[in-house]
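Undergrad: Using the UniProt record's numbering, the first residue of the sequence shown is number 1, and each one after it goes up by one. The beta-carbon is built from N, C-alpha and C at its ideal position, and this holds for glycine as well.
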Amino acid sequence: MKHKNIMVVGTSSGAGKSITVTGLCRVFFKDGYTVSPFKSQNMALNSYITKEGHEMGRAQALQAIACDKDAHYKMNPILLKPTGDRRIQVILNGKSIGNMGGFEYGKFKSNLKKEIMDAYDELKNESEICVIEGAGSPVELNIKQDDIVNMGLAQMIDAPVILVADIDRGGVFASIYGTISLMEPEERERVKGVIINKFRGNVDILRPGLEKIEELTGVPILGVMPYFELDIEDEDGVTEKFNKIKTNNNNINISVIKLKHLSNFTDIDALSINEDVNINYITSFYELGNEDLIIIPGSKNTIDDLKDLKEKGMAQELIKLSRKGTPIIGICGGFQMLGGKVLDPYGIEGDIKELPGLGLLDIETTMEKEKVTTQYSGILKGKGEFLKGLGDIEVKGYEIHQGVTSGQEESLTLDDRLVATSKDNIFGTYLHGIFDNLEFTDFILNKLREKKGLERKVSNISFDEYRIGEIDKLEKIFRENVDIEAIYKILEEN
Numbered sequence: 001m002k003h004k005n006i007m008v009v010g011t012s013s014g015a016g017k018s019i020t021v022t023g024l025c026r027v028f029f030k031d032g033y034t035v036s037p038f039k040s041q042n043m044a045l046n047s048y049i050t051k052e053g054h055e056m057g058r059a060q061a062l063q064a065i066a067c068d069k070d071a072h073y074k075m076n077p078i079l080l081k082p083t084g085d086r087r088i089q090v091i092l093n094g095k096s097i098g099n100m101g102g103f104e105y106g107k108f109k110s111n112l113k114k115e116i117m118d119a120y121d122e123l124k125n126e127s128e129i130c131v132i133e134g135a136g137s138p139v140e141l142n143i144k145q146d147d148i149v150n151m152g153l154a155q156m157i158d159a160p161v162i163l164v165a166d167i168d169r170g171g172v173f174a175s176i177y178g179t180i181s182l183m184e185p186e187e188r189e190r191v192k193g194v195i196i197n198k199f200r201g202n203v204d205i206l207r208p209g210l211e212k213i214e215e216l217t218g219v220p221i222l223g224v225m226p227y228f229e230l231d232i233e234d235e236d237g238v239t240e241k242f243n244k245i246k247t248n249n250n251n252i253n254i255s256v257i258k259l260k261h262l263s264n265f266t267d268i269d270a271l272s273i274n275e276d277v278n279i280n281y282i283t284s285f286y287e288l289g290n291e292d293l294i295i296i297p298g299s300k301n302t303i304d305d306l307k308d309l310k311e312k313g314m315a316q317e318l319i320k321l322s323r324k325g326t327p328i329i330g331i332c333g334g335f336q337m338l339g340g341k342v343l344d345p346y347g348i349e350g351d352i353k354e355l356p357g358l359g360l361l362d363i364e365t366t367m368e369k370e371k372v373t374t375q376y377s378g379i380l381k382g383k384g385e386f387l388k389g390l391g392d393i394e395v396k397g398y399e400i401h402q403g404v405t406s407g408q409e410e411s412l413t414l415d416d417r418l419v420a421t422s423k424d425n426i427f428g429t430y431l432h433g434i435f436d437n438l439e440f441t442d443f444i445l446n447k448l449r450e451k452k453g454l455e456r457k458v459s460n461i462s463f464d465e466y467r468i469g470e471i472d473k474l475e476k477i478f479r480e481n482v483d484i485e486a487i488y489k490i491l492e493e494n
């Protein structure tokens, strides 16, 4: 098959672009094609580290799984990570090239078209179909001139376009009509179909509106996706996972500190697939105190988030609860906060050169110029109160951190650096994806169940298997509600 491509743009952020690309990737793969996802530029809270040690958007890594491929930075050559103070860390071809302000990056990004085309051309040479994802809205008039991720990219790679609109927000017909109307004539010609996302109710009620919008825009409606529950990773803060869930004494209640610069909250997903686990994202100290476990997740700016926890009174409450015996797990930036202090001699994260930590582990962290980005596999030793009875198990994950941590706490891995450690009821690790390790997670949850007098459980499915099941569920919903034959025709005609 000659290489084909198709691009998915949305009427807004959170319209459903990522999930549409994931679904199409799975459909094409299951139909026997070699498929690759592509997003030229991604701004995201969640990132992923490839086998080669390159950093990329988590959404594209998930889409690679849908294609049964290893994730590679060329699927997302530009990743932007907000770091606070109106600055972003720019990841180019998997490696950080430093922090920039928005205006500075706006001028710089015009230099990146060659990098984008080089990455795309590599995928083009190894794939029969590329499914491309846009970002935000394709008609942001103030930044449209140097667009490298929406209709500007569609022109660069000569791609037909599908527009996705979220009906759950309301005003779906206005958003479809307005988006297409604001496009230039040559851009409108690229739009070959519309998918309406998150519809609740009987589609027949919607049909008069569908017919009218087709008449007004000249663009066919390819399908109406129903509102459905799907448990796969979210790309950014547009997620329902942050909605509060009330505690239940018959369940395990876990409080996750929703940091100001929260990063890689997908680490928690493997816990949430357990039916007797409630996850609550906490923003105020008065919400703490009724949980069985507290998790301090990753951060894109450890020092600023640690400062924020102190100013809100959260730090003091965490220290108080730890002394009462509440288990606390810190991951990456959260791990760094558990120590005695965090140092930033080079001003990597801002103007604060040193800040005391929570003092729950006898460690300290220094922010270095070089960023650690690596996949990890090794032996975790079940030592100390926190992991007593676990034994030695193999764990895997990935690391993304600017800081180097050292101190008096014993390493729980066989490495010459501190990847994981514990003291009393405190556990800290640099491993993103730590809860994807079934044996580790079962041990932690059963320890919490025993403490509450609940029955022990053994998981019969790994998180990797669960995720594939959810992707296949998405494929089935797509086939049932979207005109896949029409999409193949769009591919053939381009």
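1) So, are the CB atoms of Asn494 and Ile6 less than 9 angstroms apart?
2) Could you check which residue in Glu291, Ile490, His401 has the C-alpha nearest to that of Leu445?
3) For Thr405, which residues in the same chain have their Cβ closer than 6 angstroms to its Cβ, ignoring the five residues on either side in sequence?
4) Once DSSP output is grouped into helix, strand and coil, what is the label at His3?
5) Put Arg200 into one of helix, strand or coil per three-state DSSP.
6) What three-state label does DSSP hand Asp442 in the structure shown?
7) If we call anything under 9 angstroms between Cβ atoms a contact, is Gln63 one with Val9?
8) Can you tell me the Cβ-Cβ gap for Leu112 and Ile148, rounded? I've got them flagged as a contact below 8 angstroms.
9) Please report how far the alpha carbon of Ala315 lies from the alpha carbon of His3, in whole angstroms.
10) Apart from the five residues just before and just after Asp231, which ones in its own chain have a Cβ nearer than 6 angstroms to its Cβ?
11) Between the C-alpha atoms of Gly106 and Arg87, what's the straight-line distance to the nearest angstrom?
12) Roughly how many angstroms lie between the CA atoms of residue 501 and Glu215, to the nearest whole one?
13) Identify, in the order they occur along the chain, each residue of the same chain with its Cβ nearer than 6 angstroms to the Cβ of Ser12, setting aside the five sequence neighbours on each side.
14) Which class does Val277 belong to by DSSP, given the choice of helix, strand or coil?
15) What does Thr405 pair with, by DSSP beta-bridge criteria?
16) Is the region 301 to 312 in contact with the region 339 to 353, if contact means three or more CB pairs nearer than 8 angstroms?
17) Specify the secondary structure class of Gly384 as computed by DSSP and reduced to three states.
18) Roughly how many angstroms separate the alpha carbons of residue 567 and Asp276, rounded to a whole number?
19) Are the beta-carbon atoms belonging to Leu262 and Gly298 less than 9 angstroms from one another?
20) Between which two residues does the beta strand (DSSP E) carrying Lys95 extend?
21) Enumerated in chain order, which unbroken segments of the alpha helix (DSSP H) with a length of 4 residues or greater are wholly contained in the region 106 to 132?
22) Where does Leu222 fall in DSSP's three states?
23) Could you confirm whether any beta carbon from chain C is found closer than 9 angstroms to the beta carbon of Val372?
24) Met75 to Tyr48, Cα distance in whole Å?
25) Met75 bridges to which residues according to DSSP?
TA: So, to answer that:
1) yes
2) Glu291
3) Ile363, Thr365, Leu418
4) coil
5) coil
6) helix
7) no
8) 6 angstroms
9) 54 angstroms
10) Glu470
11) 12 angstroms
12) In this structure the chain extends from 1 to 494, so residue 501 is not present and cannot be described.
13) Ser137
14) strand
15) Thr365
16) yes
17) helix
18) It is not possible to answer for residue 567, since the shown part of the chain is limited to 1 through 494.
19) yes
20) 95 to 101
21) 113 to 126
22) strand
23) Here chain C cannot be found, since the structure has a single protein chain.
24) 12 angstroms
25) DSSP, once it has assigned bridges, lists no residue as partnering Met75.
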